[in-house]
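Peer 1: Take the sequence shown: its position 18, counted from the start at 1, is 100 in my numbering, and no numbers get skipped.
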Amino acid sequence: MAESVFLAFGEEVDRDRFIGLVATLGGVTGPGERGDARLSDGYAHVWVHLTDIPEDDPDELAVYEARLGGRVAAEIELEISRTKGSEQLAWRIIDAASRHWRFVVFNGHDEPEVGVCTVDTLRSRAERGAGSIFWPLSAGDRPEDGG
């Protein structure tokens, strides 16, 4: 079983460049993959799905745009296995991608006002060793609490 997070980009994303980024992290691509790419470490996996379809739910879209400071141009799904270490693999992809593109991340669980986070918020959680980078959000991790 897996969970997904969604990256909402404020600009178009070149599919080959994103897949290339995952490959530079040790990911694999090509026929037979569950998605467009996969990053693995033992039994921990993250599958990348390049949907390029911006979110169409008006409430989510409004939160994405408010946090991005502009329109949503593309969306990519990271499907994360529940195996220990999988969230850290997803974080590696997000951290590397943040050096090239501007985006926010939705955890897919909480209401958008709570579940949509900036990369800086996630970086803070990762650096302080939070039990979960993406879910569930605890007091102090919520955007309104400064997290």
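Glycine is no exception: its CB is placed at the ideal position from the N, C-alpha and C atoms.
Thinking just about the alpha-carbon of each residue, which of R97, L150, V130, E195 is nearest to the one in S168?
Peer 2: Within the sequence shown, numbered from 1, the residue matching residue 168 stands at position 86. Nearest C-alpha to S168: V130.
Peer 1: D123 and L171 - do their beta-carbons sit closer together than 8 Å?
Peer 2: Looking up residue 171 in the sequence shown gives position 89. Looking up residue 123 in the sequence shown gives position 41. Going by C-beta atoms, L171 is nearer than 8 Å to D123.
Peer 1: Hey, how far is the Cα of F88 from the Cα of R210?
Peer 2: Within the sequence shown, numbered from 1, the residue matching residue 88 stands at position 6. Within the sequence shown, numbered from 1, the residue matching residue 210 stands at position 128. One C-alpha to the other measures close to 22 Å.
Peer 1: Can you give the Cα-Cα distance for E193 and E147, rounded to whole angstroms?
Peer 2: By 1-based counting over the sequence shown, the position of residue 193 is 111. By 1-based counting over the sequence shown, the position of residue 147 is 65. Whole-angstrom Cα-Cα distance: 15 Å.
Peer 1: Assign T203 to buried or exposed, taking buried as 16 or more other Cβ atoms, counted over all protein chains shown, within 10 Å of its Cβ.
Peer 2: Here residue 203 refers to the residue found at position 121 when the sequence shown is read from its first residue. Counting Cβ neighbours within 10 Å, T203 comes out buried, since at least 16 surround it.
Peer 1: Using the C-alpha atoms, what's the distance from R207 back to S214?
Peer 2: Within the sequence shown, the letter at position 132 stands for residue 214. Within the sequence shown, the letter at position 125 stands for residue 207. Near 8 Å, if we compare the C-alpha coordinates of R207 and S214.
Peer 1: Is W129 helix, strand or coil by DSSP?
Peer 2: Taking the first residue of the sequence shown as 1, we reach residue 129 at position 47. Of the three classes helix, strand and coil, the one that applies to W129 here is strand, per DSSP.
Peer 1: Taking three-plus beta-carbon pairs below 8 Å as touching, is the region 91-105 in contact with the region 141-155?
Peer 2: Result yes; three or more Cβ-Cβ pairs closer than 8 Å.
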